[in-house]
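Down below is the structure, laid out as structure tokens.
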Amino acid sequence: MRLVLTAALFCAAATPALAQTQPEPSTRDRTEALARALNNPMVQEGAAAMLTNLAGIVLDTRVGPVAHYVDPTVDENETLGDIQRRRDPDFDRNFHKNARSAVVVAGKLTEGALQMQDSLAETAARLRAALQPLRGALDPK
């Protein structure tokens, strides 16, 4: 019984510490975390699988009732996926491979944006300063 009461006391004492909020990570911290994630092969594969699954949902859309007006070889019951697979028998494999490549590129672009962050901030400040007279002239008084 004493063990249960002691555990309850420790839990009650720890509750305020658990309730304390952590400071919000900065945009740079979040961007760095995103870049690390996007450059992780496991994340790349998971993201590619997710994109492939989402595309599969769209590709299951039956388009035959209208597509046969554009292409008479399309059967009335065909889906977007049926049409794509007829054009490219390796469509599913190629889509997944291309989705993974896109995630890799997104990781590299995120790293590049981080490297350019100071330069972009400087350019934005210069643009704001250059546009200030125009904003002042357009500001209704």
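In mature numbering (1 follows the signal peptide of the UniProt record, and there is no 0), the protein residues as written are -19 to -1, 1 to 122. C-beta atoms are modelled at their ideal positions from N, C-alpha and C, and glycine is treated no differently. If you're wondering where the values come from, they're calculated on a predicted model, not measured in any experiment.
- Which runs of the alpha helix (DSSP H), 4 residues or longer, sit entirely within the stretch 48 to 73? 61 to 68
- Query: Can you tell me whether R67 is buried or exposed, with buried defined as 16 or more other CB within 10 angstroms of its CB?
  - Reply: exposed
- Query: Between F76 and the rest of its own chain, which residues show a CB-CB distance below 7 angstroms, the 5 nearest in sequence each way excluded?
  - Reply: T33, A36
- Can you give me the Cβ contacts of V18 inside the same chain, cut-off strictly under 6 angstroms, excluding the 5 residues immediately before and after it? The question names Val, but residue 18 is Ala in the sequence shown. Correct list, in chain order: V24.
- In DSSP terms, what R107 is bridged to: DSSP lists no partner for R107.
- According to DSSP, which residues form a beta bridge with R43? T60
- Go to E13, then tell me how far its alpha helix (DSSP H) extends in each direction, as first and last residue. 8 to 19
- Message: Check this for me: beta carbons of M13 and L95, under 8 angstroms apart or not?
- Response: Residue identity differs from the one stated: residue 13 is Glu in this sequence, not Met. Yes, they are a contact pair.
- Excluding sequence positions up to five away, which residues of its chain have a Cβ less than 8 angstroms from the Cβ of D41? In the same chain as D41, and ignoring 5 residues on each side of it, the C-beta atoms closer than 8 angstroms to its own belong to T60, L61, G62, in chain order.
- Cβ neighbours of V39 in the same chain (closer than 8 angstroms, five flanking residues each side left out): L61
- Message: Rounding to the nearest angstrom, what Cα-Cα distance links A83 and S100 in this structure?
- Response: The alpha-carbon atoms of A83 and S100 are separated by roughly 25 angstroms.
- Message: Shorter than 7 angstroms, the distance from the beta carbon of A118 to the closest heavy atom of the ligand COA, or not?
- Response: In the structure shown, the ligand COA is absent, as is every other ligand, since no ligand is present at all.
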